[in-house]
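Down below is the structure, laid out as C-alpha cells.
Residue numbers (this note's numbering): 8 to 418.
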C-alpha cells in the first residue's frame, strides 16, 4: 500500500468522528416574564447579569461528543413575545429543512397555573401558522413532515404502532414544553386556597396535550440546576445524538417532571385520576381590590365661617343659652386657625358696650346683665357677622381692639 493510499484510508476511518454535523437549531418561544431569558442564560452556561434586549435573540452553543470531538454549533434563537412574531420566527426557521432539523421549546409559567393551557395553545397556533401559511408548504410537504416525525416518535418509544391518543394532532415538528418556575407552583396554589390535586390536574392537562402533539414535557426551575441540565442534555441528544446518563424519565415528580418523546401513553396519564379524582378546573383568582383613603380638600375660610354662623343662628332660636356657649367655643377655634397665626380680637364687655352704643339703631347705656342670655347671644352673633365682612389679614388690622371705647363707631 502506498503512502497516499494509507493516508486516504486513515482519513476515511476518522472522518465520521470528526466531521461537523449539519447546522441544528433550537427556538425558544414563550410569553413575556415567563422566565425564558433566565432559562436561556442557564442553558448557555452564562453567569452574571442577564441581558434583556428587544426583538429576536440569538446565541450559540459549541457541541462536543463524549470523546471531546467537535460536533457542530447549536444555533439558539429566542422569540420576543412583545415584538412582531412573524418576522422573528421566519428568520429563525426560514424553510422546511431548517424546521425539520430543529427543536421548538415552548416555555410556560407554572407560577400562573390558570394561564398555562392558554399560553401553550397560543404558541402551538403560531407554529401551525408558520408551517402552513408563512412557509407556504404544500399538502404533500406537510404530510411528509408528519410521517417523518411519526417515525421518530415510534423509534424513540420502541413502538410498532401509535398508542391510543398519541399524535392525534401531528404538527410534523419536534416540540419540548418546558414548565418554568416549578418550585413556585405549589406555593401559588396554597396562596389561592387550592390543593395538590390542582397541581395534578395541571400536570394531567399538560401531559394529555403533549401526547396529542407528540411533545416532550419538562418541569424546570433555575433553583434546581439538574432540571435545566436535563433540558440541555435532552436537546443535544435529540439533535446530535449525544449520550447522557441523566435522561431517565420522571413521571411522578411535581417539581422535576421529565416525559421524553415516545414514553407517554394514555394509561400513564390516567394514573393521575386515580384515588379521590381531580378537580374540574383551576379557578382564576379574583382580582384584589385596594381601598385608598379619600383626599380631603380644605374648605374656604369665608364659607366655613358662613356655615358656622348659620348653625349658630339656628341654635340661638332653639336654645339661646347653649348657643352662646357654642359661639364662644367656635370663635376661639376660628381665631386660633386664622392665616399667619394671627389672633382675632375677642369681645370684651367694654368693646361690645361701645359698639352697641354707636349703632344707628339708637343708644344703649350699658352692657346687658350676665343673666340676660338672649341679649348676650345677639351681641356675640353681631360681632361674629362683622368677622364675615373681613377678607384676609388686612381686615384684621382694621378691627376694633378689645377694650377701646367707641372703636366700633369709627368707620
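Here a beta-carbon is modelled for each residue, glycine too, at the ideal position from N, C-alpha and C.
Notebook entry, point to check: Straight-line CA distance for residue 38 to residue 114?
Noted result: Here the question's residue 38 lines up with position 31 in the chain shown. Here the question's residue 114 lines up with position 107 in the chain shown. Roughly 8 Å separates the two Cα atoms.
Notebook entry, point to check: What three-state label does DSSP hand residue 388 in the structure shown?
Noted result: As a first step, residue 388 is located in the chain shown; it is residue number 381 there, counting from the start. Residue 388 falls in the helix class under three-state DSSP.
Next item on the list: Below 7 Å CB to CB, which residues in the same chain sit around residue 140 once its five sequence neighbours on both sides are set aside?
Entry: Here residue 140 corresponds to residue number 133 of the chain shown, with the count starting at 1. The answer is none, since no qualifying residue turns up.
Notebook entry, point to check: From 268, 179, 387 and 243, pick the residue whose C-alpha is nearest to that of residue 33; which is it?
Noted result: For this step, residue 33 is matched to residue 26 along the chain shown. For residue 33, the nearest C-alpha among the options comes from 243.
Check: Can you tell me the Cα-Cα spacing of residue 232 and residue 147, whole angstroms?
Finding: Along the chain shown, one-based indexing puts residue 232 at 225. Along the chain shown, one-based indexing puts residue 147 at 140. The alpha-carbon atoms of residue 232 and residue 147 are separated by roughly 42 Å.
Next item on the list: State the start and end residues of the unbroken alpha helix (DSSP H) segment that holds residue 147.
Entry: Taking the first residue of the chain shown as 1, we reach residue 147 at position 140. Note, residue 147: alpha helix (DSSP H), 146-164.
Next item on the list: Starting from residue 80, trace the beta strand (DSSP E) both ways and give me its first and last residue.
Entry: Here residue 80 refers to the residue found at position 73 of the chain shown. Per DSSP, residue 80 belongs to the beta strand (DSSP E) from 77-85.
Margin query: According to DSSP, simplified to helix, strand and coil, what is residue 69?
Written below: As a first step, residue 69 is located in the chain shown; it is residue number 62 there, counting from the start. Strand, per DSSP.
Next item on the list: Could you tell me whether the Cβ atoms of residue 306 and residue 388 are closer together than 8 Å?
Entry: Reading the chain shown from its first residue, position 299 is the one you call residue 306. Reading the chain shown from its first residue, position 381 is the one you call residue 388. No.
Checklist line | In DSSP terms, what residue 36 is bridged to | finding: By 1-based counting over the chain shown, the position of residue 36 is 29. 113.
Note to self: Considering only the alpha carbon of each residue, which of 48, 204 and 386 lies closest to residue 84?
What the structure shows: What you label residue 84 is simply residue 77 of the chain shown in a count that begins at 1. It is 48.
Checklist line | Test item: CB-CB of residue 96 and residue 110 under 8 Å | finding: Locating residue 96 in the chain shown gives position 89, counting from the first residue. Locating residue 110 in the chain shown gives position 103, counting from the first residue. No.
Margin query: Spatial neighbours of residue 89 within its chain, please: C-beta separation below 8 Å, excluding the five flanking residues on both sides.
Written below: Taking the first residue of the chain shown as 1, we reach residue 89 at position 82. So the list reads 39 and 61, once near-sequence residues are dropped.
Check: Does the count of Cβ pairs from the segment 195-210 and the segment 243-256 closer than 8 Å reach three?
Finding: no
Checklist line | Residue nearest to residue 185 in terms of C-alpha spacing, selected from 127, 274 and 149 | finding: Along the chain shown, read from residue 1 onward, the residue named residue 185 stands at position 178. The candidate whose alpha carbon is nearest that of residue 185 is 127.
Next item on the list: Pick helix, strand or coil for residue 188, following the three-state DSSP scheme.
Entry: As a position in the chain shown, residue 188 is number 181, starting the count at 1. Three-state result, residue 188: coil.
Notebook entry, point to check: Could you give the uninterrupted runs of the alpha helix (DSSP H) lying entirely in the segment 214-274, keeping only those of 4 residues or more?
Noted result: 232-247
Notebook entry, point to check: Exposed or buried, residue 74, counting other C-beta atoms within 10 Å across all chains shown (16 or more means buried)?
Noted result: Position 67 of the chain shown, counted from the first residue, corresponds to residue 74. So residue 74 counts as exposed.
Next item on the list: Could you name the residues of the same chain whose beta carbon sits closer than 6 Å to that of residue 179, not counting the 5 residues immediately before and after it, in chain order?
Entry: Residue mapping note: residue 179 aligns to position 172 of the chain shown, counting from 1. Excluding sequence neighbours, residue 179 sits near 152, 153 and 156.
Check: What are the partner residues of residue 182, as DSSP defines its beta bridges?
Finding: Locating residue 182 in the chain shown gives position 175, counting from the first residue. Paired residues: 111.
Next item on the list: List the endpoints of the continuous alpha helix (DSSP H) containing residue 476.
Entry: Since the first residue shown for the chain is 8 and the last is 418, residue 476 is missing from the structure and cannot be characterised.
Next item on the list: Can you tell me which of 167, 145 and 221 puts its alpha carbon nearest to the alpha carbon of residue 131?
Entry: Numbered from 1 along the chain shown, position 124 holds the residue referred to as residue 131. Nearest C-alpha to residue 131: 221.
Margin query: Taking the straight line between their C-alpha atoms, what separation do you get for residue 239 and residue 100?
Written below: Position 232 of the chain shown, counted from the first residue, corresponds to residue 239. Position 93 of the chain shown, counted from the first residue, corresponds to residue 100. C-alpha separation (whole angstroms): 20 Å.
Item checked: Of the residues 174, 69, 112 and 216, the one placed nearest residue 182, counting alpha carbons only -> Your numbering for residue 182 matches position 175 in the chain shown. Considering only alpha carbons, the answer is 112.
Margin query: Given this structure, state the Cα-to-Cα distance separating residue 77 from residue 288, to the nearest angstrom.
Written below: On the chain shown, residue 77 is found 70 positions in, with the first residue counted as 1. On the chain shown, residue 288 is found 281 positions in, with the first residue counted as 1. Rounded to whole angstroms, residue 77 to residue 288 spans 48 Å at the Cα level.
Item checked: Inter-residue Cα distance where the pair is residue 164 and residue 268 -> For this step, residue 164 is matched to residue 157 along the chain shown. For this step, residue 268 is matched to residue 261 along the chain shown. Approximately 7 Å, taken between the alpha carbons.
Checklist line | residue 54 to residue 65 span [Cα, whole Å] | finding: Numbered from 1 along the chain shown, position 47 holds the residue referred to as residue 54. Numbered from 1 along the chain shown, position 58 holds the residue referred to as residue 65. When rounded, the distance between both Cα atoms is 17 Å.
Check: Hey, residue 279 and residue 227: beta-carbon distance below 8 Å or not?
Finding: Along the chain shown, one-based indexing puts residue 279 at 272. Along the chain shown, one-based indexing puts residue 227 at 220. No, Cβ-Cβ distance for residue 279 and residue 227 is not below 8 Å.
Next item on the list: With a threshold of 16 other CB atoms inside 10 Å of the CB of residue 313, please say whether the residue is buried or exposed.
Entry: Walking along the chain shown from the start, residue 313 turns up at place 306. Classification for residue 313: exposed.
Margin query: Considering Cα atoms alone, identify which of 315, 270 and 282 is closest to residue 170.
Written below: Sequence index remark: in the chain shown, residue 170 carries index 163 (1-based). Cα-wise, what sits closest to residue 170 is 270.
Check: So, helix, strand or coil for residue 129, using DSSP?
Finding: Position 122 of the chain shown holds residue 129. In the structure shown, residue 129 sits in a helix (DSSP, three-state: H, G or I).
Margin query: If you measure between the beta carbons of residue 213 and residue 224, is that distance less than 8 Å?
Written below: On the chain shown, residue 213 is found 206 positions in, with the first residue counted as 1. On the chain shown, residue 224 is found 217 positions in, with the first residue counted as 1. For residue 213 and residue 224, yes; Cβs fall inside 8 Å.
Notebook entry, point to check: Which term fits residue 189, buried or exposed, when burial requires 16 or more other beta carbons within 10 angstroms of its beta carbon?
Noted result: Here residue 189 is taken as the residue at index 182 of the chain shown, counted from 1. Residue 189 comes out buried.
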